[in-house]
Each structure stands twice: as C-alpha cells, then as structure tokens.
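Numbering (the working numbering), first residue to last: 121 to 333.
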C-alpha cells in the first residue's frame, strides 16, 4: 500500500488527481496540500507518508527546495515532481536533490499510476515527455563517465543500436536475419544488464553513457 500525499497550489489539479487516484486499491491518499509548509507539517505530525506528488512551482516555496528539505528530513520518502513546463534544467535539479520521478501535468492515469508504482519499488520514473527531453539533452552533450554496466555482446550492441534508431522488433529481426523471439530475448537481456525498465530507458542510458560509440 502506497501512502500518498499531493502538493499543488492549484485546487483544480488537486481535485483532478484526487478523482483519478481515490479508488485505487493500492493507494491511500493521506493528504492534499496547497503548499510546502502544509506538507512538512503533515510529515512531522500526521499519518505516515511514503510518496509525494509535488508541484515544482508554488508560491510559498519552489519544488527543488521543498524536495531537498523533504529528502533531508525524511530520506525514505519518495518524491515525484509535477510541472506544466518541461525544463530540462529543472528536471535535473529535482533529480540532483533526490526526486525519484518527474511527470508532466498532462500525464494520463496509467502514467501517473506507473510512476507511483515504480518509485515505490525504489526505481526512477519519468513521463514520456520528460524522457524525450532528457534524451535530447543527453544526445547534445558528450559524456566522459565510464560505463558502470556489464559489457554487451556484439549482437546485443547491434540490437541496441537498432532500438535507438527506432526499428521495431520485427524490423530488427528482418535486418539481422534472426527470429522475432531472439530479438525479444536480446532486448530482455539488455534491459537486465542496463537496469532499464523500458525502451525509453534503454535509449537514455545508451546515449548518456555512449555505449554505442
């Protein structure tokens, strides 16, 4: 069971998220708050909260500072940033200060639920729009970091390159003269080696760590 708090200075956003999530069996909505001070008071003296959906632009405090304060005082609480604006600098600041995820406010129910589920398991989650933004930023930068991942085989690199190039599974199979199932096996192995959750994660890691250079 996830004990969730939502912080946003816009009542309509709070109401919309409450309507979206209130009947989910694995989520208990602990509180809806209009500002950071209310959240901090609830964390200090209210019922347990383990996940926070947090607007990053609020009158009483900005999301980065609030995220920092929450993670410093309550390191086990997972924070997911919420914003109408996709600013890569803000996304990176939130991540730097401990956020486990970041969603655009136009994210659908499935994406919001997936984010809550994944961060509850100790993983990272970024909405599709945010992932694309991070990919674009990573593609334009040269990374000097050494890859921390297990070495990929030649065939796995070939499959990963075609995934990055947006080939479908069947197109990869046809191009490499292997079966559809073999491509899926390689994909699963690559996901496991890189610790990625999905194709967007594979692409992000491949570009960020220059695995195909």
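Idealized CB from N, CA, C, for every residue including glycine.
* Does the Cβ of residue 128 have 16 or more other Cβ atoms within 10 Å, making it buried, or fewer, making it exposed? -> In summary, residue 128 is buried, with 16 or more beta-carbon neighbours lying within 10 Å of its beta-carbon over all protein chains present.
* Asked: Between which two residues does the alpha helix (DSSP H) containing residue 214 stretch?
  -> DSSP places residue 214 inside the alpha helix (DSSP H), whose first and last residues are 208–216.
* What runs of the beta strand (DSSP E), each 3 residues or longer, lie entirely inside the stretch 295–322? -> For the stretch 295–322, not a single whole beta strand (DSSP E) run of length 3 or above is found.
* Asked: Is residue 139 helix, strand or coil when you go by DSSP?
  -> In the structure shown, residue 139 adopts helical secondary structure according to DSSP, grouped into three states.
* Taking all protein chains shown into account, decide if residue 262 is buried (16 or more other Cβ within 10 angstroms of its Cβ) or exposed. => The predicted position of residue 262 is uncertain, since its pLDDT is 44 and thus under 50; no value can be drawn from it.
* **Environment of residue 171 [buried if 16+ CB atoms lie within 10 Å]** => That one is buried.
* To do: Can you tell me the Cβ-Cβ gap for residue 133 and residue 225, rounded? I've got them flagged as a contact below 8 Å.
  => Their Cβ separation, rounded to whole angstroms, is 7 Å, which keeps residue 133 and residue 225 in contact under 8 Å.
* **Nearest candidate by alpha-carbon position, reference residue 311, set 215, 218, 298, 271** => Taking only the C-alpha atoms, the option nearest residue 311 is 271.
* Asked: In angstroms, rounded to a whole number, what distance separates the CA positions of residue 182 and residue 208?
  -> Computed Cα separation, rounded: 16 Å.
* **the stretch 239–246 in contact with the stretch 196–204 per 3-pair CB rule at 8 Å** => Taking one beta carbon from each stretch, the stretch 239–246 and the stretch 196–204 have 3 or more pairs nearer than 8 Å; the two touch.
* Per DSSP, the bridge partner or partners of residue 165 -> DSSP output for residue 165 lists no bridge partner at all.
* So is residue 308 buried or exposed if we call it buried at 16+ other beta carbons inside 10 Å? -> Exposed.
* Asked: Under 8 Å between the Cβ atoms of residue 223 and residue 202?
  -> Yes, Cβ-Cβ distance for residue 223 and residue 202 is below 8 Å.
* **Residue interval of the alpha helix (DSSP H) (run including residue 234)** => Residues 229–240.
* To do: Determine which residues share a DSSP beta bridge with residue 182 and list them.
  => Residue 182 is bridged to 177.
* Asked: With respect to the alpha helix (DSSP H) encompassing residue 276, which residues constitute its N-terminal and C-terminal limits?
  -> 274–284 is the span of the alpha helix (DSSP H), which, as asked, contains residue 276.
* Asked: Under 8 Å between the Cβ atoms of residue 280 and residue 332?
  -> It is a contact, given that the beta carbons lie within the stated cut-off.
* Put residue 288 into one of helix, strand or coil per three-state DSSP. => Residue 288: coil per DSSP, three-state reduction.
* To do: Take residue 125 as the anchor and find which of 290, 236, 291 has the nearest alpha-carbon.
  => Of all alpha-carbon atoms in 290, 236, 291, the one lying nearest the alpha-carbon of residue 125 is that of 236.
* Three-state secondary structure assigned by DSSP to residue 219 -> In the three-state reduction of the DSSP assignment, residue 219 falls in the coil class, being assigned neither a helical nor a strand state.
* Asked: Looking only at DSSP bridge pairs, what is residue 124 linked to?
  -> Within the DSSP secondary-structure output, residue 124 pairs in a beta bridge with 149, 171.
* Asked: For residue 147, which residues of its own chain have a beta-carbon under 7 Å away from its beta-carbon, when the five flanking residues on both sides are left out?
  -> Correct list, in chain order: 122, 124, 141, 236.
* Contacting residues, own chain, Cβ-Cβ under 8 Å from residue 259 (five flanking each side not counted) -> Per-residue confidence for residue 259 stands at a pLDDT of 49, beneath the threshold of 50, marking its modelled position as unreliable; the derived number appears in the next sentence. 327.
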